[in-house]
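Asks: Before anything else, here's the structure in question.
Protein chains: 2
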Amino acid sequence: MSKKHRVTLHEVAAHAGVSTSTVSLVIRNNPRISEATRKKVFDSINTLGYVYDRVAANLRSQSSGIVGVIVTDISNKFISEFLIGAQNTLEQFGYTVLLGTTFDSVSKQDKLLSTMVEHRVDGLILNPASKSSEKTVKKINELQIPIVLANRELEDANCDYVGIDYVKGAYIAVTHLLEKGHKRIAYLGGIKASSTWIERMQGFQLAYERAGLKLDESLIIDGPPTREGGFDAVSKVLQNENPPTAIFCFSDLVASGVLQGLALHELTPGVDIDIVGFDNIPDSEIYHPPLTTVSSFPRSIGIKSANILYEKMTKSSPEKQRIILKPELIIRETS
Amino acid sequence: MSKKHRVTLHEVAAHAGVSTSTVSLVIRNNPRISEATRKKVFDSINTLGYVYDRVAANLRSQSSGIVGVIVTDISNKFISEFLIGAQNTLEQFGYTVLLGTTFDSVSKQDKLLSTMVEHRVDGLILNPASKSSEKTVKKINELQIPIVLANRELEDANCDYVGIDYVKGAYIAVTHLLEKGHKRIAYLGGIKASSTWIERMQGFQLAYERAGLKLDESLIIDGPPTREGGFDAVSKVLQNENPPTAIFCFSDLVASGVLQGLALHELTPGVDIDIVGFDNIPDSEIYHPPLTTVSSFPRSIGIKSANILYEKMTKSSPEKQRIILKPELIIRETS
DNA sequence: CTGAAAGCGCTTACAG
DNA sequence: CTGAAAGCGCTTACAG
């Protein structure tokens with residue numbers, strides 16, 4: 001093993017006494033090579049310490065074996081679970097994952113999209129930033145590679161999509177609160193411009209309509225889909241002259257901030273005020289107190305996204321797919 | 001914009017009426033190209049919709065612009081925070097991150113290491129699997145690329161390292177419990193073979209020694225560094241004929257499982273039994289009840305790791321570095 | 001079942 | 001300040 005020089009196919013071929021084509025075929029397990037030759041080549045590979053150069057292979061074969069996955073925030077458990085599902089599935093198919101995190105910034109997202117294309121990714125799974133604009137959609141539609149959107153749908157984007165039914169999720173959560181007798185329910189956190197926020201809002205309204213109630217706009221406070229966002233939103237809504245008796249949170253992460261804020265005001269969730277989250281992240285179970293929430297299925301979304309992408313990358317004319325998973329209500333101690 | 005064909009440097013050169021070398025230099029912002037030529041070339045790039053092909057560039061220039069980051073578990077908040085730090089820093093330096101998750105499996109780690117090298121990553125940040133063996137170390141030492149280890153040190157590995165002082169962290173946690181009058185303290189979770197477990201054990205022992213106490217091996221139960229691991233360990237230790245009055249947990253994640261297990265036995269943390277975690281992940285603050293824990297600094301570790309790796313990738317003969325961050329005790333309600 | 005030759009799309013000296 | 005030519009390390013038809 002030399003220090004700087006990388007062993008090439010040529011050298012392996014020379015050492016084994018065959019042609020480079022043969023070595024290439026052996027490496028890729030092509031069955032039309034005889035067992036004897038195969039063994040000879042593998043011996044040479046081992047003694048020379050040859051390392052396959054995918055960069056060269058990719059240039060020649062015009063595919064990279066790399067899939068880009070762009071998400072908004074890996075420290076959000078929902079997203080990290082989603083990522084695990086996508087990554088595991090992709091790796092099983094033999095792909096490697098190039099990860100990008102946008103922190104919900106559209107400009108960062110644009111940059112990542114460009115970088116990934118320059119790296120010739122074979123496909124892309126995108127969990128779009130909340131404020132993705134028409135410009136983003138245009139860019140995505142111009143991309144010449146398979147792409148699937150996850151968790152958040154983009155209007156007019158010509159892509160496959162995997163997500164959950166946020167309308168229904170919000171509907172069951174709010175209906176649960178209404179059935180408990182609440183008439184003033186707040187909706188806290190999440191970016192108003194995003195499809196995920198809008199769809200929850202639709203479910204929220206639907207539940208109100210069916211109950212024959214009118215909603216109070218002053219109880220709807222949007223903000224970043226983070227713990228801080230939840231903390232700020234609850235602080236604001238508690239200053240309302242007629243404060244809510246229950247809160248529907250955009251996500252469990254937002255709910256965690258809401259719980260923090262309530263503790264500060266010495267309000268006990270489930271007693272003084274009812275709270276419902278969204279996502280059912282594992283930690284919601286050990287929040288203080290354990291959080292009632294809507295269960296979505298991030299890992300399944302990741303797996304499904306990867307499967308669809310794989311089909312798009314390998315089949316010639318796959319059908320466009322749109323998969324919507326059904327949510328469930330998990331009742332714990334905050335309601 | 002044609003549908004299948006990718007525009008090449010050649011075509012841009014022809015369109016702009018210059019040579020490919022010139023286009024190449026323009027793209028890479030080489031200052032020795034005149035402003036006029038530069039503009040002409042950029043115009044052609046835009047009208048043709050040219051996309052830079054890094055795969056080709058990388059093959060020729062023998063560097064990929066990609067850094068591999070291999071971690072044990074992105075759904076662990078400590079790790080995801082670490083990743084954010086590393087990734088942000090690396091991206092600022094212009095690198096793209098190829099992510100690998102081992103789920104603490106050594107064989108998966110081996111495979112990922114190979115894949116990354118085949119993709120010609122320029123450098124590697126490795127958060128080693130708990131049971132990484134001598135074989136792993138040998139493999140790492142043979143790698144011809146810069147590599148920095150994070151969070152867990154590997155004996156005899158010839159690498160830079162960034163982590164925190166686990167001995168001291170465990171020492172301050174256990175001393176805190178001893179000062180509260182506890183004499184039977186359990187140590188739950190974590191893999192016995194890993195440096196992170198061993199170092200905490202050393203701190204644990206040191207605290208006991210200074211207090212003039214002898215430790216009881218039956219209160220030391222190792223296991224996977226996960227919530228499930230914590231749950232299982234606490235279930236076991238509670239069956240001890242002389243159960244502990246306090247528990248030092250390998251990590252906050254383990255502590256979350258311990259809290260779950262205690263709830264099942266109707267023991268109230270901070271009242272019936274004291275608990276201390278390790279990591280100070282954001283959620284520990286809203287655990288039920290809020291967890292006393294040792295604060296480590298995952299994001300800083302990520303940032304430091306990336307900085308050191310960058311130096312190694314760019315400087316010719318950097319000094320070997322070993323950075324150990326100091327932990328702090330955060331007292332909340334479980335003790 | 002195996003080999004000789006061309007080429008993927010860039011960058012790199014080198015020449016002018 | 002710019003161009004012609006070689007080459008990075010593979011894979012891909014094609015021929016035998």
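From first to last, the protein sequence lines stand for chains A and B.
One point on numbering: in UniProt numbering, the residue at position 221 of the first sequence is 221, and numbering is uninterrupted.
One point on numbering: in UniProt numbering, the residue at position 289 of the second sequence is 289, and numbering is uninterrupted.
A virtual CB, placed ideally from N, CA and C, is assigned to each residue, including glycine.
Using the Cβ count rule (16 or more neighbours within 10 Å means buried), how would you classify ALA16 of chain B?
Replies: As a first step, residue 16 of chain B must be located in the second sequence, where it is residue number 16. Buried.
Asks: For PHE278 of chain B, which residues does DSSP report across the bridge?
Replies: Locating residue 278 of chain B in the second sequence gives position 278, where the first residue counts as 1. B:VAL294, per the DSSP bridge assignment.
Asks: Shorter than 7 Å from the beta carbon of ASN127 of chain B to some beta carbon of chain A?
Replies: In the second sequence, residue 127 of chain B corresponds to position 127, counting from 1. By this cut-off, ASN127 of chain B is not an interface position.
Asks: In angstroms with no decimal places, state the Cα-to-Cα distance between residue 358 of chain B and ASN58 of chain A.
Replies: With chain B represented from 1 up to 335, any question about residue 358 of chain B goes unanswered, as that position is not in the structure.
Asks: Where in the segment 64-117 of chain B do unbroken runs of the alpha helix (DSSP H), each at least 4 residues long, occur, reported from the N-terminal end onward?
Replies: 77-92
Asks: From GLU209 of chain A to PHE78 of chain A, what does the alpha carbon distance come to, in whole angstroms?
Replies: Along the first sequence, one-based indexing puts residue 209 of chain A at 209. Along the first sequence, one-based indexing puts residue 78 of chain A at 78. For GLU209 of chain A and PHE78 of chain A, the distance between alpha carbons rounds to 30 Å.
Asks: Checking contacts by CB at 7 Å: is residue 336 of chain B closer than that to chain A?
Replies: The question about residue 336 of chain B has no answer here: the residues shown for chain B are numbered 1 through 335.
Asks: Does the pairing of the segment 252-263 of chain B with the segment 96-116 of chain B give three or more beta-carbon distances under 8 Å?
Replies: no
Asks: Do we get a CB-CB distance below 7 Å when we pair ALA56 of chain B with the residues of chain A?
Replies: In the second sequence, counting from the first residue as 1, residue 56 of chain B sits at position 56. It does; some Cβ of chain A falls within 7 Å.
Asks: Return helix, strand or coil for VAL18 of chain B, following the three-state DSSP convention.
Replies: Within the second sequence, residue 18 of chain B is the residue found at index 18, counting from 1. In this structure, VAL18 of chain B counts as coil in the three-state DSSP scheme.
Asks: Specify the secondary structure class of ILE331 of chain B as computed by DSSP and reduced to three states.
Replies: Taking the first residue of the second sequence as position 1, residue 331 of chain B is located at position 331. Coil.
Asks: Quick one: does VAL258 of chain A have its CB under 7 Å from some CB of chain B?
Replies: Within the first sequence, residue 258 of chain A is the residue found at index 258, counting from 1. Judged by the 7 Å Cβ criterion, VAL258 of chain A is not in contact with chain B.
Asks: How would you write the range of the beta strand (DSSP E) that ALA150 of chain B sits in, first residue to last?
Replies: Translated into the one-based positions of the second sequence, residue 150 of chain B becomes position 150. It spans 147-150 - the beta strand (DSSP E) in which ALA150 of chain B sits, taken as one unbroken run.
Asks: Along the chain, which unbroken stretches of the alpha helix (DSSP H) at least 4 residues long are found entirely within the segment 170-236 of chain A?
Replies: 195-210
Asks: What are the boundary residues of the alpha helix (DSSP H) that ILE324 of chain A is part of?
Replies: Your numbering for residue 324 of chain A matches position 324 in the first sequence. Secondary structure note for ILE324 of chain A: it is in no alpha helix (DSSP H), and the uninterrupted beta strand (DSSP E) holding it is 322-325.
Asks: By Cβ distance below 6 Å, which residues in the same chain neighbour PHE82 of chain A in space, the five residues on each side in sequence not counted?
Replies: Within the first sequence, residue 82 of chain A is the residue found at index 82, counting from 1. Correct list, in chain order: PRO298, ILE301 and GLY302.
Asks: Per the contact definition of three or more C-beta pairs closer than 8 Å, is the segment 239-253 of chain B in contact with the segment 268-277 of chain B?
Replies: yes
Asks: DSSP three-state call for LEU154 of chain A: helix, strand or coil?
Replies: As a position in the first sequence, residue 154 of chain A is number 154, starting the count at 1. DSSP places LEU154 of chain A outside both helix and strand once states are collapsed to three, so it counts as coil.
Asks: So what does TYR161 of chain A bridge to, in DSSP terms?
Replies: Indexing the first sequence from 1 puts residue 161 of chain A at position 161. Per DSSP, A:LEU149 and A:ARG322.
Asks: Quick check: what's the CA-CA separation for VAL12 of chain A versus VAL41 of chain A?
Replies: On the first sequence, residue 12 of chain A is found 12 positions in, with the first residue counted as 1. On the first sequence, residue 41 of chain A is found 41 positions in, with the first residue counted as 1. Whole-angstrom Cα-Cα distance: 7 Å.
Asks: Mind listing, in chain order, the continuous alpha helix (DSSP H) runs of no fewer than 4 residues lying wholly within the UniProt domain "HTH lacI-type" (7-61) of chain B?
Replies: DSSP runs (the alpha helix (DSSP H)) wholly in the UniProt domain "HTH lacI-type" (7-61) of chain B: 9-16, 20-27, 35-48 and 54-61.
Asks: When you compare the CB positions of VAL97 of chain A and VAL69 of chain A, do they come within less than 7 Å of one another, or not?
Replies: Taking the first sequence and counting its residues from 1, one reaches residue 97 of chain A at position 97. Taking the first sequence and counting its residues from 1, one reaches residue 69 of chain A at position 69. Yes, the Cβ-Cβ distance between VAL97 of chain A and VAL69 of chain A is below 7 Å.
Asks: What does PRO290 of chain B reach in chain A if we use C-beta pairs closer than 8 Å?
Replies: Translated into positions along the second sequence, residue 290 of chain B becomes position 290. Within chain A, the residues near PRO290 of chain B are HIS288.
Asks: What residues match up with ALA255 of chain A in a beta bridge as DSSP calls it?
Replies: Stepping through the first sequence from its first residue, residue 255 of chain A is reached at position 255. Within the DSSP bridge table, the entry for ALA255 of chain A names no partner.
Asks: Assuming VAL162 of chain B and LYS304 of chain B form a contact by the criterion Cβ under 8 Å, report the distance between their Cβ atoms to the nearest whole angstrom.
Replies: Here residue 162 of chain B refers to the residue found at position 162 when the second sequence is read from its first residue. Here residue 304 of chain B refers to the residue found at position 304 when the second sequence is read from its first residue. That belief holds up - the Cβ atoms of VAL162 of chain B and LYS304 of chain B are roughly 5 Å apart, short of 8 Å.
Asks: Step through the CB atoms of chain A and report whether any lies within less than 7 Å of the CB of ARG32 of chain B.
Replies: What you label residue 32 of chain B is simply residue 32 of the second sequence in a count that begins at 1. So, not an interface residue.
Asks: Quick one: does LEU59 of chain A have its CB under 7 Å from some CB of chain B?
Replies: As a working mapping, residue 59 of chain A is identified with position 59 in the first sequence. Cβ-Cβ to chain B under 7 Å: yes for LEU59 of chain A.
Asks: Since PRO282 of chain A meets chain B, which of its residues come closer than 9 Å, beta carbon to beta carbon?
Replies: As a first step, residue 282 of chain A is located in the first sequence; it is residue number 282 there, counting from the start. In chain order: SER75, ARG227 and SER256.
Asks: Whose CA, out of A:SER296, A:THR314 and A:HIS288, lies closest to the CA of GLU333 of chain B?
Replies: Within the second sequence, the letter at position 333 stands for residue 333 of chain B. Considering only alpha carbons, the answer is A:HIS288.
Asks: Which partner residues does ALA246 of chain B have in the DSSP bridge list?
Replies: Counted from its first residue, the second sequence places residue 246 of chain B at position 246. Looking at the DSSP assignment, ALA246 of chain B forms a beta bridge with B:ILE185 and B:ASP274.
Asks: Do you know how far the Cα of GLU319 of chain A is from the Cα of MET1 of chain B?
Replies: Start at 1 with the first residue of the second sequence, and residue 1 of chain B comes out as number 1. Start at 1 with the first residue of the first sequence, and residue 319 of chain A comes out as number 319. Note that MET1 of chain B scores a pLDDT of 30, beneath 50, so its modelled location is shaky; the value from the coordinates is reported in the next line. Taking the straight line joining both Cα atoms gives about 24 Å.
Asks: Starting from the beta carbon of TYR187 of chain B, find every residue of chain A whose beta carbon is closer than 7 Å, and list them in chain order.
Replies: In the second sequence, the residue the question calls residue 187 of chain B occupies position 187. The premise fails here: TYR187 of chain B is roughly 21 Å from chain A at the closest Cβ pair, so nothing lies under 7 Å.
Asks: So, helix, strand or coil for LEU238 of chain A, using DSSP?
Replies: As a working note, residue 238 of chain A is residue 238 in the first sequence. DSSP places LEU238 of chain A in coil when its eight states are reduced to three.
Asks: Around the Cβ of LYS3 of chain A, are there at least 16 other Cβ atoms within 10 angstroms (buried) or fewer (exposed)?
Replies: Position 3 of the first sequence holds residue 3 of chain A. For LYS3 of chain A, the predicted model reports a pLDDT of 39, less than 50, meaning its position is unreliable; a value from the coordinates is still stated below. Counting Cβ neighbours within 10 Å, LYS3 of chain A comes out exposed, since fewer than 16 surround it.
Asks: According to DSSP, TYR287 of chain A sits in a beta bridge with which residue or residues?
Replies: By one-based count along the first sequence, residue 287 of chain A stands at place 287. In the DSSP output, where bridge partners are listed per residue, TYR287 of chain A has B:TYR287.
Asks: DSSP has ILE125 of chain B in a bridge; who is on the other side?
Replies: Residue mapping note: residue 125 of chain B aligns to position 125 of the second sequence, counting from 1. DSSP output for ILE125 of chain B lists B:VAL69 and B:VAL148 as bridge partner(s).
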